[in-house]
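Single-structure report; data block below.
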Amino acid sequence: MNKQYIFVWEPETQKDRPVYNKIVKLVNEKTLTDRFEVIRSPFIGFTTNGPIVRIMPENVIYTKFKVEDVEDIIDAHLKWTRVEKFVLTYDNKNLPVQEKDTTSKQFKIVLRNIGYMDPESIDEYILRGGYKALEKTLFDLNPDKVITEMKASGLRGRGGAGFPTGLKWELTKKEPGPQKYVICNADEGDPGAYMDRSVLEGDPHSVLEGMIIGGFTIGANQGYIYIRAEYPLAIERLEKAISAAKEKGLLGQNILGTDFSFDIELRWGAGAFVCGEETALIASIEGKRGNPRPRPPFPSVSGLWGKPTFINNVETWANVPVIIEKGGAWFASIGTEKSKGTKVFAVTGKVTNPGLVEVPMGTTIREIVYDICGGIQYNKKFKAVQTGGPSGGVIPEKFLDMPIDYESLQSIGSIMGSGGLIVMDEDDCMVDVNKFYLQFSVDESCGKCSPCRIGGIQILSLLNKITKGNGEKEDLDKIKSISLAMQKASLCALGQTTPNPVTSALLYFEDEYMRHIENKKCLTGKCRDLVEYVVITDKCIGCGLCAVRCPVKCITGEKRKPYIIDQKACIKCGECYTVCKFAAVKRG
Amino acid sequence: MYIEKVTGKMIEIKINGKVFKADNGMTIIEAAKLAHVKIPTLCKHDDLPATASCGICVVKIKGNRKLLRACCTYIEPNMEITTHDGELYEVRKNVLDLILSSHPFACLTCLRNGDCELQTLSEEFGIRSRPYKEMLQPGPKDASTQAIVLDPVKCIHCGRCVEVCQNIQKVYALEFVSRGFESRIAPAGDISMADSPCIKCGQCSAHCPVGALVEFSEIPKVWAALGNPEVFPIVQLAPAVRVAIGEAFGLPAGTILTKKIYALFRRLGFKAIFDTNFGADLTIMEEGSELINRITTGKGAMPLITSCCPAWVDFLEKYYPDLIEHFSTAKSPHEMVGALAKTYYAEKEKINPASMFVVSVMPCTAKKYEVSRTADMSSSGFQDVDVSITTRELVRMIKSSGIQLLDLEDEEADNILGSYTGAGTIFGATGGVMEAAIRTTYFLLTGKNLDKLDVEVVRGLKGVKTGEIDVNGKKIRVAVAHGTGNVRAVMDELRAAKKAGGPMPYDFIEVMACEGGCIAGGGQPYQVTNAIRKKRTEGIYADDKKSTLRLSHENPDVKKLYEDFLEKPLSPKAHKLLHNHYKPRPLYYK
Chain A
282 MNKQYIFVWE PETQKDRPVY NKIVKLVNEK TLTDRFEVIR SPFIGFTTNG PIVRIMPENV
342 IYTKFKVEDV EDIIDAHLKW TRVEKFVLTY DNKNLPVQEK DTTSKQFKIV LRNIGYMDPE
402 SIDEYILRGG YKALEKTLFD LNPDKVITEM KASGLRGRGG AGFPTGLKWE LTKKEPGPQK
462 YVICNADEGD PGAYMDRSVL EGDPHSVLEG MIIGGFTIGA NQGYIYIRAE YPLAIERLEK
522 AISAAKEKGL LGQNILGTDF SFDIELRWGA GAFVCGEETA LIASIEGKRG NPRPRPPFPS
582 VSGLWGKPTF INNVETWANV PVIIEKGGAW FASIGTEKSK GTKVFAVTGK VTNPGLVEVP
642 MGTTIREIVY DICGGIQYNK KFKAVQTGGP SGGVIPEKFL DMPIDYESLQ SIGSIMGSGG
702 LIVMDEDDCM VDVNKFYLQF SVDESCGKCS PCRIGGIQIL SLLNKITKGN GEKEDLDKIK
762 SISLAMQKAS LCALGQTTPN PVTSALLYFE DEYMRHIENK KCLTGKCRDL VEYVVITDKC
822 IGCGLCAVRC PVKCITGEKR KPYIIDQKAC IKCGECYTVC KFAAVKRG
Chain B
1367 MYIEKVTGKM IEIKINGKVF KADNGMTIIE AAKLAHVKIP TLCKHDDLPA TASCGICVVK
1427 IKGNRKLLRA CCTYIEPNME ITTHDGELYE VRKNVLDLIL SSHPFACLTC LRNGDCELQT
1487 LSEEFGIRSR PYKEMLQPGP KDASTQAIVL DPVKCIHCGR CVEVCQNIQK VYALEFVSRG
1547 FESRIAPAGD ISMADSPCIK CGQCSAHCPV GALVEFSEIP KVWAALGNPE VFPIVQLAPA
1607 VRVAIGEAFG LPAGTILTKK IYALFRRLGF KAIFDTNFGA DLTIMEEGSE LINRITTGKG
1667 AMPLITSCCP AWVDFLEKYY PDLIEHFSTA KSPHEMVGAL AKTYYAEKEK INPASMFVVS
1727 VMPCTAKKYE VSRTADMSSS GFQDVDVSIT TRELVRMIKS SGIQLLDLED EEADNILGSY
1787 TGAGTIFGAT GGVMEAAIRT TYFLLTGKNL DKLDVEVVRG LKGVKTGEID VNGKKIRVAV
1847 AHGTGNVRAV MDELRAAKKA GGPMPYDFIE VMACEGGCIA GGGQPYQVTN AIRKKRTEGI
1907 YADDKKSTLR LSHENPDVKK LYEDFLEKPL SPKAHKLLHN HYKPRPLYYK
């Protein structure tokens, strides 16, 4: 088969999709439609600012090109060659993040189809083995057998909490009553996390198939996908996938000619992070204010409109068809004792090759950061990773070789979370990073319960005080007291976990906090009130570059003599420190 | 009204190491009472389902690594609960410290000073300092209804008002707006309360733990009138006030203090002391005659619906304007007394009505709205009632006057608008208006009195009570509903019957906007529960039982009033002074 696939991703800011349209136009003009298929790709995670083009089967990824260059690229691939200057290269010998290869440390279950097929084509999904699991469920299995397989698989909720999925299904199935619901939680919201988005944009049918199997198992006829309105491509693809599945009789009345009927509808989230919490999500679908409510009763007993409901997140659903097809035992053979299967991580931050990674449970952070993602950018020093987004904690260097699963992460003060993994290097200030997460949680608190509503903003104000140079030692005790109140007395996980970044930072980086408080110093320069840039006279050769680049012109001096920084006028931007070729500017 | 889930199935639980048997439907906070522990809370009100918002009632459950909220966690067999220990104290105190950091320390100038749940809890926790920076979230103070005042800066976000407004009263005026630290209580769309569907029932203010929702206080106007020699101050006392005011002075709910309150009014300087119960007797004459008229002539819409509750009037004008024709045109009792004071009484006693200042003491916040509701409320040529204050406001006046209410000798009300029968007094409880009306209409239709005056079928706290009264072989079908949330079912039934053109399900319907009726009105003393509702109601019926006259048509002063002044029920004069009009109103003015 000589057909080539061109996957195009463009930033959302480029609404008119210039690259995609140009390629489609060229392919049409050159009557190459039999040869090339052009597909809008999900975001695959290379943090470049511009568009990304990936051509299969050669698997060449282009970045940093201009719209005008597209024609050269097409012409090159027509001759099975490539335009080398735009090809994405890696700093080390490891394979690209998205690669499926036996030598890689990755293992693709959830991401099995992403980037290898047209997500808008149900036929391609079926060709790649899609809906086989549904067929098997309807004709070879029964609900009890599905639950047996799910329990045997050991799959745990990928939304973060890690509740055993099979058990959740069993509990919901046991509940009496004719009306039950199935919900897919696609309200992904952790900063830097886009695992679910990629699955929905790249393989929407895998989620639908999982939900249909789930509906059949617990005896539900209606499913909802609660999705962020900020994911327009995912919404578009899900809508297309739902109507394609209906046309094929895989969804709707009498699925595949059986007595089982099941429908799926989309519900758009209105931009509240807390609606990712299951009870708030249910309230939102019901048209109420998206506030969490106490559990118990759990949704498996009393969920949407008071009916038994089970909610799983996108990644959990995408695992289901594979488990059904290959069996629970196969899935359980992957991973650690208590955490089975794989986990998708969105690795961002200071790594050389950021992107989506799917690894077996039990992989170490070192393997993810160094072996798969190429280590820290610009050979800087590793400082920590944050898992679990604003609900998680920091993991310092000493745990780099710890195999990660739900339990191990919890034991060191972090959580698995939904899969955001942010890598920090020596230039990142822990207090500053904590401020960022606290600000996020404060903005996203629903305001219902007092520990979360007031505690978050109080901790944030103490962090601001510390980074302004006004910190006192008692402030840490206050932070600890507030954290206790929030962790113990908040109603939902948002409030309970808001202090986690701070409490874990105080566990591993207390000295850095103390330096801010006692010495009034931020060595990274991130806290501008706690940093000074001084010219080291012995080292300065008087080239004057710093004075030229200084945005407020506060550096003066004569050529070939040491320059002087006016501390009163300095805005602590650090430009002089960065541009000096002789390390003659001291930060501290 | 919160009804505890009673399953009848008793299970064994352990509280602080001791075994107890408790009903399976209990929450931990309820079960803890068996162990003589009152778990501290700021958001759970015994009268409402849990809102689970304050985070103070957390307890430990063996085998659960999280602390659970006692207010909303139901007990399970063999549950082992720890209600207090060092860690729980620390967590609870930290939460309380946080709440206090966002609550203004303005206790000395707050209406709830000395009667505030947050203040009490702080005292109980021994709060001696404020560790965290004061961070207030000021919002616009809203006094637009002139009945209830919302001051968001004092709000502790317990959510009781939203619960009672939406889920109990089903008015949907109050909601949380915005989110996180900026969230606050306001009508949806952040409009003013006067522009919202608010019916001024005041249940929000009766359940608020702090001073965020309070009645629109008009005490200064009353003191000003009492201190002005040019003014002739008149006061009248609503039926429900007399059985509840004692609670503020440590007496059990339901204690009847009518005659001590009359004495108090004289000590305060009122020159004429009337009783709204007289107006209630008069209302029965007018409304009963209206009912008979509608039944016998076939003119006017059936069923007839009572109209003495201004929050209910507002509710119907907003939510069921198509049913306005069913309303009795009779004014509420205190408006009748006000109109007669400035006409009949003024003429009789030769007092210039312009100098009169009529104060109604009511269990109600909506009466504040009612006094200037339409032009009909100035039928005497002046505003018939000048000011309506709540029971809680009267308590504050008593305290600031220094008068020892309980030590006063009993005194009587003034003639002629001060006498009442047992039928007038039961207006204060749900079913009371209906019962009083049945007693009198029975007489008006048959010429004789009922054998048994107690009409049990309309009594009690059930949300909707229905029954049939046999009047000489004709069945009068009645319905009694209280709490606007319960009323909707009856009105929807009526609306459906009207739409179908079919037979009407009832002949006469009584509605009171607050659950339990006026005895649990929005202006009554705090901490109402069903147990207190029952006791206040018992007080009301005891007042009826001990009355020598128990039928409105037998009130000699009412008879005299008709002879001297009004001629007969529904006369042109009665229509002018004692009846009024209604109009559809929008739910939202903006």
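Sequences listed follow chains A and B, in order. Be aware that the first sequence starts at 282, since it is given in our numbering, and climbs by one per residue. Be aware that the second sequence starts at 1367, since it is given in our numbering, and climbs by one per residue. All C-beta atoms in this analysis are idealised placements derived from N, C-alpha and C, irrespective of residue type, glycine included.
Quiz item: Expressed to the nearest angstrom, what Euclidean distance is found between the alpha-carbon atoms of I1361(B) and E1456(B)?
Solution: No answer is possible for residue 1361(B): the residues shown for chain B start at 1367 and end at 1956.
Quiz item: Is DSSP giving Q739(A) helix, strand or coil here?
Solution: Residue mapping note: residue 739(A) aligns to position 458 of the first sequence, counting from 1. In the structure shown, Q739(A) sits in a helix (DSSP, three-state: H, G or I).
Quiz prompt | Rounded C-alpha distance that separates S1937(B) from N1533(B) | solution = Counted from its first residue, the second sequence places residue 1937(B) at position 571. Counted from its first residue, the second sequence places residue 1533(B) at position 167. Within the model, the alpha-carbon separation for S1937(B) versus N1533(B) is close to 42 Å.
Quiz item: If we count the other Cβ atoms within 10 Å of its Cβ and call it buried at 16 or more, is P780(A) buried or exposed?
Solution: Taking the first sequence and counting its residues from 1, the one referred to as residue 780(A) is at position 499. Counting of Cβ neighbours within 10 angstroms places P780(A) among the buried residues, the total reaching 16 or more.
Exercise. Take T645(A) and list the residues in its own chain whose beta-carbon comes closer than 8 Å to its own, dropping the five residues that flank it on each side.
Key: As a first step, residue 645(A) is located in the first sequence; it is residue number 364 there, counting from the start. Hits under 8 Å: L681, D682, M683, P684 and I685.
Exercise. Please work out which residues of its chain come closer than 6 Å, Cβ to Cβ, to E1822(B), disregarding the five sequence neighbours upstream and downstream, and give them in chain order.
Key: Within the second sequence, the letter at position 456 stands for residue 1822(B). Within the same chain, E1822(B) has no close Cβ partners at all.
Self-check item: Backbone CA spacing between S524(A) and D1556(B) [nearest angstrom]
Solution: Position 243 of the first sequence, counting from 1, holds the residue named residue 524(A). Position 190 of the second sequence, counting from 1, holds the residue named residue 1556(B). The straight-line gap from Cα to Cα measures roughly 40 Å.
Quiz item: Is there at least one Cβ from chain B nearer than 8 Å to L690(A)'s Cβ?
Solution: Counted from its first residue, the first sequence places residue 690(A) at position 409. Not one beta carbon of chain B lies nearer than 8 Å to the beta carbon of L690(A).
Self-check item: Neighbouring residues, chain B, relative to E725(A) (Cβ below 9 Å)
Solution: The count along the first sequence starts at 1 and reaches residue 725(A) at position 444. Residues of chain B passing the Cβ test: R1545 and G1546.
Self-check item: Buried versus exposed, by CB contacts within 10 Å (16 or more), S1544(B)
Solution: Counted from its first residue, the second sequence places residue 1544(B) at position 178. It counts as exposed.
Exercise. Could you tell me which chain A residues have their CB closer than 9 Å to the CB of E1500(B), listed as they occur along the chain?
Key: Residue mapping note: residue 1500(B) aligns to position 134 of the second sequence, counting from 1. Within 9 Å Cβ-Cβ: nothing; E1500(B) doesn't reach chain A, min ~10 Å.
Practice problem: Flag this pair as touching only if the region 701-713 of chain A and the region 615-633 of chain A have three or more C-beta atom pairs under 8 Å; answer yes or no. | Solution: The region 701-713 of chain A is in contact with the region 615-633 of chain A.
Self-check item: Exposure label - N1430(B); buried when at least 16 CB within 10 Å
Solution: Residue numbering aside, residue 1430(B) sits at position 64 when the second sequence is read from its first letter. Flag for N1430(B) reads exposed.
Quiz item: Can I604(A) and F591(A) be called in contact, C-beta distance under 8 Å?
Solution: Sequence index remark: in the first sequence, residue 604(A) carries index 323 (1-based). Sequence index remark: in the first sequence, residue 591(A) carries index 310 (1-based). A distance of 8 Å or more separates the beta carbons of I604(A) and F591(A).
Quiz item: With A501(A) and K461(A) assumed to form a contact (beta carbons below 8 Å), what rounded beta-carbon distance in angstroms separates them?
Solution: Here residue 501(A) refers to the residue found at position 220 of the first sequence. Here residue 461(A) refers to the residue found at position 180 of the first sequence. Yes, A501(A) and K461(A) are in contact; Cβ-Cβ is about 4 Å, under 8 Å.
Exercise. Following the continuous alpha helix (DSSP H) through L1502(B), name the residue where it begins and the one where it ends.
Key: Counting from 1 along the second sequence, the entry for residue 1502(B) is found at position 136. Taken as a continuous stretch (DSSP letters only), L1502(B) belongs to no alpha helix (DSSP H), as it is neither H nor E.
Exercise. Give the straight-line distance between the Cα atoms of K1566(B) and E1446(B), rounded to the nearest whole angstrom.
Key: Looking up residue 1566(B) in the second sequence gives position 200. Looking up residue 1446(B) in the second sequence gives position 80. Separation of K1566(B) and E1446(B) (C-alpha to C-alpha, rounded to the nearest whole angstrom) is 44 Å.
Exercise. Pick helix, strand or coil for E1834(B), following the three-state DSSP scheme.
Key: The count along the second sequence starts at 1 and reaches residue 1834(B) at position 468. E1834(B) sits in a strand when the DSSP states are folded into three classes.
Quiz item: Since L419(A) is in the alpha helix (DSSP H), which residue starts that stretch and which ends it?
Solution: As a first step, residue 419(A) is located in the first sequence; it is residue number 138 there, counting from the start. Segment K413 to F420, the alpha helix (DSSP H) holding L419(A).
Quiz item: When you compare only the Cα positions, how much space is there between G440(A) and I1493(B)?
Solution: Within the first sequence, the letter at position 159 stands for residue 440(A). Within the second sequence, the letter at position 127 stands for residue 1493(B). Looking at the two C-alpha atoms, the distance is approximately 40 Å.
Quiz item: Taking contact to mean at least 3 C-beta pairs separated by less than 8 Å, is the region 1873-1888 of chain B in contact with the region 1698-1708 of chain B?
Solution: No contact exists between the region 1873-1888 of chain B and the region 1698-1708 of chain B.
Quiz item: Are the beta-carbon atoms belonging to V866(A) and C827(A) less than 8 Å from one another?
Solution: Here residue 866(A) corresponds to residue number 585 of the first sequence, with the count starting at 1. Here residue 827(A) corresponds to residue number 546 of the first sequence, with the count starting at 1. Yes, the Cβ-Cβ distance between V866(A) and C827(A) is below 8 Å.
Quiz item: Rounded to the nearest angstrom, how far is the Cβ of F1696(B) from that of H1945(B), given a contact under 8 Å?
Solution: Within the second sequence, the letter at position 330 stands for residue 1696(B). Within the second sequence, the letter at position 579 stands for residue 1945(B). Per the sequence shown, residue 1696(B) should be read as Ala rather than Phe. Yes, A1696(B) and H1945(B) are in contact; Cβ-Cβ is about 6 Å, under 8 Å.
Exercise. Indicate whether at least one CB of chain A lies closer than 8 Å to the CB of S1562(B).
Key: Translated into positions along the second sequence, residue 1562(B) becomes position 196. For S1562(B), not one C-beta of chain A is nearer than 8 Å to its own C-beta.
Exercise. Kindly confirm or deny that the region 398-418 of chain A and the region 294-311 of chain A touch, where touching means at least three C-beta pairs closer than 8 Å.
Key: Remark: fewer than three beta-carbon pairs, one from each stretch, lie closer than 8 Å, so the region 398-418 of chain A and the region 294-311 of chain A are not flagged as touching.
Quiz item: Using the beta-carbon of each residue, which ones in chain B are nearer than 8 Å to L772(A)?
Solution: Against the first sequence, residue 772(A) aligns to sequence position 491. Those within 8 Å of L772(A) in chain B are A1418, S1419, G1421 and R1435.
Quiz item: What residue from D356(A), I336(A), G825(A) and G568(A) has the CA that sits closest to T312(A)'s CA?
Solution: Looking up residue 312(A) in the first sequence gives position 31. Nearest option by C-alpha distance: D356(A).
Quiz item: Is the distance from the Cβ of A474(A) to the Cβ of A627(A) below 8 Å?
Solution: The count along the first sequence starts at 1 and reaches residue 474(A) at position 193. The count along the first sequence starts at 1 and reaches residue 627(A) at position 346. A contact, by the Cβ cut-off of 8 Å.
Quiz prompt | Inter-stretch contact (C-beta, 8 Å, three-pair minimum) for the region 711-719 of chain A and the region 787-798 of chain A | solution = Cβ pair count under 8 Å is three or more, so yes.
Self-check item: Cross-chain neighbours of N1460(B) in chain A, by beta carbon under 7 Å
Solution: Here residue 1460(B) refers to the residue found at position 94 of the second sequence. Simply S762, I763, L765 and A766.
Self-check item: Same chain, Cβ closer than 7 Å to L1630(B), neighbours up to 5 away in sequence not counted
Solution: As a first step, residue 1630(B) is located in the second sequence; it is residue number 264 there, counting from the start. Excluding sequence neighbours, L1630(B) sits near I1764, I1769, L1771 and L1774.
Quiz item: Is P1952(B) buried or exposed, if buried means 16 or more other CB atoms sit within 10 Å of its CB?
Solution: Walking along the second sequence from the start, residue 1952(B) turns up at place 586. Around the CB of P1952(B), fewer than 16 other CB atoms lie within 10 Å, so the residue is classed as exposed.
Quiz item: I1379(B) CB to nearest chain A CB: under 8 Å?
Solution: Along the second sequence, read from residue 1 onward, the residue named residue 1379(B) stands at position 13. It does not; no Cβ of chain A falls within 8 Å.
Quiz item: Are K455(A) and E639(A) touching if we call contact CB-CB under 8 Å?
Solution: The count along the first sequence starts at 1 and reaches residue 455(A) at position 174. The count along the first sequence starts at 1 and reaches residue 639(A) at position 358. For the pair K455(A) and E639(A), the CB atoms are not nearer than the 8 Å cut-off.
Quiz item: Could you give the distance in angstroms between the alpha-carbon of Q1569(B) and the alpha-carbon of A1552(B)?
Solution: Position 203 of the second sequence, counted from the start, is the residue given in the question as residue 1569(B). Position 186 of the second sequence, counted from the start, is the residue given in the question as residue 1552(B). So the two alpha carbons sit approximately 15 Å from each other.
Quiz item: Helix or strand or just coil, what does DSSP make of F663(A)?
Solution: To locate residue 663(A), count along the first sequence from 1; it is residue 382. Reduced to three states, the DSSP call for F663(A) is strand.
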